[in-house]
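Here is the structure we will look at, set down as structure tokens.
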Amino acid sequence: MKGEAMLPAVRSAAAPADTAHPGAPRVAHHFATPVQQFESAQLGMWLFLATEVLLFGGLFCAYAVYRAAHPEVFIYAHRFLDARLGALNTVVLVSSSLTMAWAVRCAQTGRQRGLVGLLTATLVFAAAFLAVKYVEYESKWRHGLLWGRYYHPAHGRHTGDASGQAGTGQTGQEPANASAPGDERPMAAGPNQSPATMAAGAGPPSRGGPVTLGGAAGPGATPPAEATRIAASAAGPRGLAWHLRRPDSGRHDEPRNVQIFFAVYFLMTGLHGLHVMAGMAVIAWLLVRSIRGHFGPGYFAPVDLAGLYWHVVDVIWIFLFPLLYLIHG
Amino acid sequence: MTSIAGHPGIAGRIAEAGANYLSERRGILSWVFTLDHKRIGVMYLVSILFSFLLGGIFALLIRTELLTPRRTIMDADTYNQMFTLHGVVMIFLFIIPGIPAALGNFVLPIMLGARDVAFPRLNLFSYYLYVLGAVFAVLAIATGGVDTGWTFYVPYSTTTNTSVTAVVLGAFILGFSSIFTGINFIVTIHKLRPPGMTWFRMPLFLWALYATAIIQVLATPVLGITLLLLVAERLLRVGIFDPALGGDPVLFQHFFWFYSHPAVYIMILPAMGVMSELVSTFSHKPIFGYRFVALSSVAIAMISFLVWGHHMFTSGQSPLASMIFSFLTFMVAIPSAIKVFNWVATMYRGAIDLKTPMLYALWFLFLFGIGGLTGLFLGALAVDVHVHDTYFVVAHFHYTMFGGVAMAFVGGLHYWWPKITGRMYSELWGRLAALLVFVGFNLTFFTQFVLGTHGMPRRYYNYPAHFTSYHQHSTLGAYLTAAGFFLTAGYLIHSLFRGRRAPANPWGGATLEWQCSSPPPAHNFDRPPPVGDPYDMSRIRYDDAIGGYVTAEVAEPAGAGGGPGR
Amino acid sequence: MATATGTGLLAQGGPTFWMPPQGSTGASAVDWAFYLIYYIAVFFFLVIVGLTAIFVVRYRGRRGARPEGAPSSHLAVELTWTLIPTVVVIVIFTVGLGGFMDISFAPLNAYEIQVVGQKWKWFFQYPNGYVDSDLHVPEGRPVRLVLSSQDVVHSLYIPAFRVKMDAVPGRYTKMWFHATRPGEYDLYCAEYCGTGHSDMVARAVVHPAGQFEKWLESAGNWVEAVPPAEAGRILTVGRPDGSGGRGCTQCHRVDGQAHIGPPLNGLFGHEVTLADGMRVVADENYLRESLIDPQAKIVAGYQAVMPTYKGRLKEREITAIIEYLKSIAGPREPARGAQ
Amino acid sequence: MREVPAQPVEAGPGQGRALGHVVPLRVLLGVWAALVALTVVTIAATRVDLGGLNLWVALGIATAKAAMVALYFMHLRYDHPLNAIVFIAALLFVAVFVGIVMLDAEAYQPTIREYQHQTVTPGR
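Residue numbers (this note's numbering), protein chains in the order written: chain A, 1 to 329; chain B, 1001 to 1566; chain C, 2001 to 2339; chain D, 3001 to 3124.
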């Protein structure tokens, strides 16, 4: 690593941007040449993208296991997803990938106005994607097609035609279903230990949730805090006492455990949505810097790396779309 | 929990001699915002030693409780929290970041003759992620502890109301610290190698760190998604692991062990890297079978991803999968055996110098030998059904992790202590403490093998009376080991102030870090060091005047020596 | 010394230095595999540590000494110590697999016992419906256990039979053994399951040939042989040695203390306020329903966490429990509710 | 693993290569068009019932789209091959993980179905 890069005074890597001529290559003190620095940055980004692929790999594995275990649930439940909205989202995200790649090209060729315009277009497409997701989530929420214990579909009769149940919630009314007493108490109002209150409650160390033990424990009983903790963990959680008489669901032709599909659906699209939002924040930061003219043919690494991240988010959606929306017999 | 190497006064006083990375800039801010890999390494080292102390205290409390079959000093819930926190602190805060982040951060760039790791800011960011993760883990202790065991098995972890969410988020954050360290090391080794240092002329410690980094980058994200799902299950009742809602608890075990077995290779591989350096330097002889030792590191990294099922032989896993996992488990044992044989062969016809680091290297061979060989029992399906989840497993992983990784960590710490602090520690006290640790360790954990085969289950607060004598021996051993480590801490801290001034090359090592001053200047090398064969010690002579080794300037060009690269 | 006694006693199945006594046919196969691996491990260990010790002593060099020098790589040596361990581990794998196949697949004529694990108690249900908190098995006949769990993952482990299998909620897992020596053996929970994990210990009792049916017969109907109130007391509180109880006292107390569930004394014939504010008299039907479908009526201030006992308590046992609750009902006049 | 060639000392590593590759505009637009077309194809494919093949057809199309994005939008074609190796390694490890977990999950599904069949009383 000889060469002149060794001798000049040690410049810290975070030297302020050389604004005299934008996009001039700045080499950190521990790199010899700009190309070495740029390729190191790219390799580092690709390694980070490998971790993103593996993160979503875990969810795809859960999808594969549960689809193989309950194929009838996935076939039955996927009809509640609107494939047209999914397709629209795919095209939106693919187009945002195009504008992002184009923006990188503009940065490399020094077209600052093109860079700013295309980054803005990418942000617009991303916002459109999230809007469509919101529409889908809202209709699912309204029809009670949620995960775990909150799955209590409001529709009496079947509306699952091939194109998926249209967004217009004709039932409209709140999903008040005639659930058997004591079974379907929504989590929020649940009397027993709700980890949410516990996790949030960093306050007084009386960790146990709002568990009242039927009157003050008599003298000589274990101290309340002790009782709360022992009591709660000693009692088997209600969720597992499955051999209770299931609520009279009236959903005669519905397979068991449909909620597992929606658990997987919300986990995958939710985590993907979070990554879209993170990507939008990064692109917005790039937009600000490109308006200030930081990027040019000599220095465009941040735009390229953000582009790589954005394309991986798009690739993940490319796999999510057919797996969730286009399940067939 | 955060800890900076004492107030600037100490750092300054330690190394007044000449400008080096410790004395070059003063003040707390020069540490908090440093981008120098050496200072970040020191900060990691101090934090990791604090975590080791904390984890050790939990261990002593557990052993004290087990002195008598029924209650000794604490009740069942507190005991459950003790062994959980002992596991979490020791694994996530000490042994996974231990060698790579503390010693690796310091030594890797210097071994490459580079000025810093590829991404200095990312390096500092991963240290602060470590501190944040540690705070979350400690926060759990304050808010009522966590009693699920470090494995967080569902459905217990999703239904107990101890502060599991805090510890899980802590582990999630520590996972990212580990990922970023891995990314940093891979890019540094790929892109910052000096001209002339090809892959097979690189020190073996760097090969080990490279293999470790591969696992860190490819395995830790799956722990990330597992912990995210666990938090989603606890807070939002997603029902993905809840059998009443169609979930599958054994799927959690698959997700968890897909990370956690490669994680044990994240722990042992850097230790094996340190071993290669110690054995070669203290035998004053090139390592035997350089290519085999180097490639076995990468082989371990690859096969380690295929063997996780041997943690689940009795968990309801199908016999077919158990058979496949058992076979692959035996395949991953081969590279480790190759390494051990190569280290022993390195000592053949060498000039073995029994300094403290070499003592810890010998302990590694002895203890990791037992740890590795007892792995054969656990890999064999029929025997594992009997000894799974008993004290046999506890003894096995303590022999490999404590006997292997911690011994190599302490050995490496002594080996690079002169380079990090510029001071020499006292050999007499070093050897004494090493003996104490060795005796204490074997007394503690060999008895647990016998406990295990006789059927004493793991994580038991009360145990049947006929196991009492074994437990008492084990507790005695634990106190002996603790004494050994406190003694070590004592003379190392003492050496910071009264230790002899360290020469550049106190042990006669041939790798590049011994060619810069101790402690090294801020930019590591004034002139780029000549890159030769990392184990060619033919031109290194002992010089009585400075009490260290010097590289004799012999006529033939640097790289022509009989390199192991043939 | 240890190894010598090990192989000597292996034949009669007595305890050796490493292994507990052998209580089942499978145990000897596991011990044989264990000792095979043990000897291989000791051999390799002695080779490694022996060579290291020899080299350290033989080639001990003072500071600055020059090594005698030796080749630093030798392909033939490397290949030998790669192939030999590979062959050895394949042998060990095959031995382990052989034993595992026997353990994994039960013979078809095995005597089946249903096992349910719940937080800190095992329940064993015999074919005639009798439920006991200890495992009783006949000697000389294969027994198959079908495991499931009510709450978290437990693991049934009998060291003497060398068998272990997790009880996972939401599925049946199976294990089997063929007991050979009459006697009582420890039965542990091997998968961490919370506060009482180390108390979840039961006994595996092996009855000599022929005596098992007699025991099952007498055990099956001990409820008739005992006055109802006394039988109810045993079912609720359990015998002094802890057997016979159905785990009621894990959640309910009989001394008026509130715990996870409401206290059982002073209950029968008194009014109880339910979670939805209704006030009900705790008569026979209320008590019977609380056992069969506990979620139907929940007393105010308590969690609805009681698992059902439907199918785990016979009719006679339910009436016995109700008789016992009558006996501890306290003063006749309807006192205010328990809390 | 292609070794970094030992470069002449004063040049420093990576001197031979340009600073990133500028992907021609028509390539970008062409890839975009292909991606949209493949999206339409994958939706059309659901009209035709191919039985077991449906899943694999859908995955095949998705893989083709992903490959195009990776090669051209993420310029893997023009980059240092190490980047491609990292990406493929990640995909391989996901495949290993999903494959072996599926193998085991499929094998023990009967124990779950048997349990669900016996314990839950029918809804009505």
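Using N, Cα and C, we set each Cβ at its ideal position, and we do this for glycine too. Quick caveat, the model's predicted, so the values are computed rather than measured.
Chain-ordered residues of the segment 3068-3102 of chain D with a beta carbon less than 8 Å from chain B
Residues 3082, 3089, 3090, 3093, 3096, 3097, 3100, 3101.
Helix, strand or coil: which one does DSSP assign to residue 1047 of chain B?
On the second sequence, position 47 is the one that residue 1047 of chain B refers to. Three-state DSSP puts residue 1047 of chain B in a helix.
Please report whether the beta-carbon of residue 1076 of chain B lies at a distance below 8 Å from any beta-carbon of chain C.
As a first step, residue 1076 of chain B must be located in the second sequence, where it is residue number 76. Chain C, which has a Cβ nearer than 8 Å to the Cβ of residue 1076 of chain B, makes this yes.
Alpha carbon to alpha carbon, how far is residue 1398 of chain B from residue 1067 of chain B? Give it in angstroms, no decimals.
Against the second sequence, residue 1067 of chain B aligns to sequence position 67. Against the second sequence, residue 1398 of chain B aligns to sequence position 398. Cα to Cα, the separation comes out at about 19 Å.
Taking just the CA atoms, how far does residue 1476 of chain B sit from residue 1443 of chain B?
The count along the second sequence starts at 1 and reaches residue 1443 of chain B at position 443. The count along the second sequence starts at 1 and reaches residue 1476 of chain B at position 476. Using only the alpha carbons, I get a separation of about 8 Å.
Name the chain B residues whose beta carbon is nearer than 8 Å to that of residue 149 of chain A?
The residue you call residue 149 of chain A lines up with position 149 of the first sequence. Chain B residues near residue 149 of chain A: 1237, 1239, 1245.
Could you tell me whether the segment 1334-1343 of chain B touches the segment 1237-1247 of chain B, where touching means 3 or more Cβ pairs closer than 8 Å?
As far as the Cβ criterion goes, the segment 1334-1343 of chain B does not touch the segment 1237-1247 of chain B, which means the pair count is below three.
Within-8 Å CB hit, residue 1288 of chain B to chain A
As a working note, residue 1288 of chain B is residue 288 in the second sequence. Residue contact with chain A for residue 1288 of chain B: absent (no Cβ-Cβ distance below 8 Å to any residue of chain A).
What is the rounded straight-line gap between the Cα of residue 1522 of chain B and the Cα of residue 1503 of chain B?
On the second sequence, position 522 is the one that residue 1522 of chain B refers to. On the second sequence, position 503 is the one that residue 1503 of chain B refers to. The straight-line gap from Cα to Cα measures roughly 17 Å.
On the DSSP bridge list, what partners appear for residue 2175 of chain C?
As a working note, residue 2175 of chain C is residue 175 in the third sequence. Residue 2175 of chain C is bridged by DSSP to C/2145.
Can you tell me the Cβ-Cβ gap for residue 2237 of chain C and residue 2245 of chain C, rounded? I've got them flagged as a contact below 8 Å.
To locate residue 2237 of chain C, count along the third sequence from 1; it is residue 237. To locate residue 2245 of chain C, count along the third sequence from 1; it is residue 245. Indeed they touch by this definition, with Cβ atoms about 6 Å apart.
If distances are taken between C-alpha atoms only, which option among B/1479, B/1501, B/1341, B/1543 comes closest to residue 1056 of chain B?
For the purposes of this step, residue 1056 of chain B is taken as the residue at position 56 of the second sequence. Answer by Cα proximity: B/1479.
Three-state class that DSSP yields for residue 1325 of chain B in the structure shown
If you number the second sequence from 1, residue 1325 of chain B lands on position 325. In this structure, residue 1325 of chain B counts as helix in the three-state DSSP scheme.
Straight-line Cα distance separating residue 1083 of chain B from residue 226 of chain A
Within the first sequence, numbered from 1, the residue matching residue 226 of chain A stands at position 226. Within the second sequence, numbered from 1, the residue matching residue 1083 of chain B stands at position 83. Interpretation of residue 226 of chain A is limited by its pLDDT of 30, a score under 50 that renders its predicted location unreliable; the figure taken from the coordinates is listed afterwards. If you take the alpha carbons of residue 226 of chain A and residue 1083 of chain B, they lie about 19 Å apart.
With a threshold of 16 other CB atoms inside 10 Å of the CB of residue 1564 of chain B, please say whether the residue is buried or exposed.
Counting from one through the second sequence, the residue named residue 1564 of chain B turns up at place 564. The predicted model places residue 1564 of chain B with a pLDDT of 40, which falls under 50 and marks its position as unreliable; any figure quoted below should be read in that light. So residue 1564 of chain B counts as buried.
Considering only C-alpha positions, which residue in the set A/78, A/117, A/150, A/48 is nearest to residue 291 of chain A?
On the first sequence, residue 291 of chain A is found 291 positions in, with the first residue counted as 1. The option with the nearest alpha carbon to residue 291 of chain A is A/117.
Would you call the CB atoms of residue 2162 of chain C and residue 1385 of chain B closer than 8 Å?
As a position in the third sequence, residue 2162 of chain C is number 162, starting the count at 1. As a position in the second sequence, residue 1385 of chain B is number 385, starting the count at 1. Between residue 2162 of chain C and residue 1385 of chain B, the C-beta spacing is below 8 Å.
Just confirm the distance between the C-beta atoms of residue 958 of chain B and residue 2066 of chain C, as a whole number of angstroms; I'd bet it's less than 8 Å.
With chain B covering only 1001 through 1566, there is no way to say anything about residue 958 of chain B.
Check the Cβ-Cβ distances between residue 3114 of chain D and every residue of chain C, and say whether any is below 8 Å.
Taking the fourth sequence and counting its residues from 1, the one referred to as residue 3114 of chain D is at position 114. Interface residue, yes.
Beta-ladder partner(s) of residue 2024 of chain C, from DSSP:
Sequence index remark: in the third sequence, residue 2024 of chain C carries index 24 (1-based). Assignment of beta-bridge partners to residue 2024 of chain C by DSSP yields C/2179.
Taking the C-alpha atoms as reference points, what is the distance between residue 2338 of chain C and residue 2252 of chain C?
Counting from 1 along the third sequence, the entry for residue 2338 of chain C is found at position 338. Counting from 1 along the third sequence, the entry for residue 2252 of chain C is found at position 252. Note that residue 2338 of chain C scores a pLDDT of 41, beneath 50, so its modelled location is shaky; the value from the coordinates is reported in the next line. A direct Cα-Cα distance of roughly 13 Å separates residue 2338 of chain C from residue 2252 of chain C.
For residue 1411 of chain B, count the other beta carbons within 10 Å of its own beta carbon; 16 or more makes it buried, fewer makes it exposed. Which is it?
For this step, residue 1411 of chain B is matched to residue 411 along the second sequence. Residue 1411 of chain B comes out buried.
Residue of C/2283, C/2316, C/2259 minimising C-alpha distance to residue 2305 of chain C
If you number the third sequence from 1, residue 2305 of chain C lands on position 305. For residue 2305 of chain C, the nearest C-alpha among the options comes from C/2259.
Mind pulling the chain G residues with CB within less than 8 Å of residue 1426 of chain B?
In the structure shown, chain G cannot be found, because the protein chains are A, B, C and D.
Between residue 1259 of chain B and residue 1298 of chain B, how many whole angstroms is the CB-CB distance? I'm expecting something under 8 Å.
For this step, residue 1259 of chain B is matched to residue 259 along the second sequence. For this step, residue 1298 of chain B is matched to residue 298 along the second sequence. Contact between residue 1259 of chain B and residue 1298 of chain B does not hold, since the beta-carbon distance rounds to 19 Å and is not under 8 Å.
Could you check how far apart the C-beta atoms of residue 103 of chain A and residue 313 of chain A are, in whole angstroms? I think they sit under 8 Å.
By 1-based counting over the first sequence, the position of residue 103 of chain A is 103. By 1-based counting over the first sequence, the position of residue 313 of chain A is 313. Not a contact, Cβ separation roughly 15 Å.
Determine, using beta carbons only, whether residue 1324 of chain B comes closer than 8 Å to chain A.
For the purposes of this step, residue 1324 of chain B is taken as residue 324 along the second sequence, with counting starting at 1. The C-beta of residue 1324 of chain B comes no closer than 8 Å to any C-beta of chain A.
Taking beta-carbon pairs under 8 Å, can you tell me which members of the segment 74-98 of chain A lie near chain D?
With the criterion set as a beta carbon lying under 8 Å from some beta carbon of chain D, the members of the segment 74-98 of chain A are 83, 87, 90, 91, 94, 95, 97, 98, in sequence order.
Can you tell me which of C/2164, C/2207, C/2168, C/2190 puts its alpha carbon nearest to the alpha carbon of residue 2183 of chain C?
Position 183 of the third sequence, counted from the start, is the residue given in the question as residue 2183 of chain C. When each option's Cα is compared against that of residue 2183 of chain C, the closest is C/2207.
At a CB distance below 8 Å, what residues from the segment 3057-3068 of chain D approach chain B? Give them in sequence order.
Contact residues of the segment 3057-3068 of chain D toward chain B are absent (C-beta to C-beta distance below 8 Å).
Distance check for residue 1500 of chain B and residue 1489 of chain B, CA to CA, integer angstroms please.
Counting from one through the second sequence, the residue named residue 1489 of chain B turns up at place 489. Counting from one through the second sequence, the residue named residue 1500 of chain B turns up at place 500. Distance between residue 1489 of chain B and residue 1500 of chain B, taken at the CA atoms: about 17 Å.
Identity of the residues DSSP links to residue 1424 of chain B by a beta bridge
As a working note, residue 1424 of chain B is residue 424 in the second sequence. Residue 1424 of chain B pairs with B/1500.
Here's the rule I'm using: 16 or more other beta-carbon atoms within 10 Å means buried, otherwise exposed. How should residue 151 of chain A be labelled?
Walking along the first sequence from the start, residue 151 of chain A turns up at place 151. The residue is buried, with at least 16 neighbouring Cβ atoms inside 10 Å.
Can you give me the C-alpha to C-alpha distance between residue 1472 of chain B and residue 2201 of chain C, rounded to a whole angstrom?
Walking along the second sequence from the start, residue 1472 of chain B turns up at place 472. Walking along the third sequence from the start, residue 2201 of chain C turns up at place 201. Going from the Cα of residue 1472 of chain B to the Cα of residue 2201 of chain C covers about 22 Å.
To the nearest angstrom, how far is it from the Cα of residue 1051 of chain B to the Cα of residue 2099 of chain C?
Against the second sequence, residue 1051 of chain B aligns to sequence position 51. Against the third sequence, residue 2099 of chain C aligns to sequence position 99. In a straight line, the C-alpha of residue 1051 of chain B is about 42 Å away from that of residue 2099 of chain C.
So, using beta-carbon positions, are residue 2322 of chain C and residue 2284 of chain C closer together than 8 Å?
In the third sequence, residue 2322 of chain C corresponds to position 322, counting from 1. In the third sequence, residue 2284 of chain C corresponds to position 284, counting from 1. Against a cut-off of 8 Å, the Cβ pair of residue 2284 of chain C and residue 2322 of chain C comes out as a contact.
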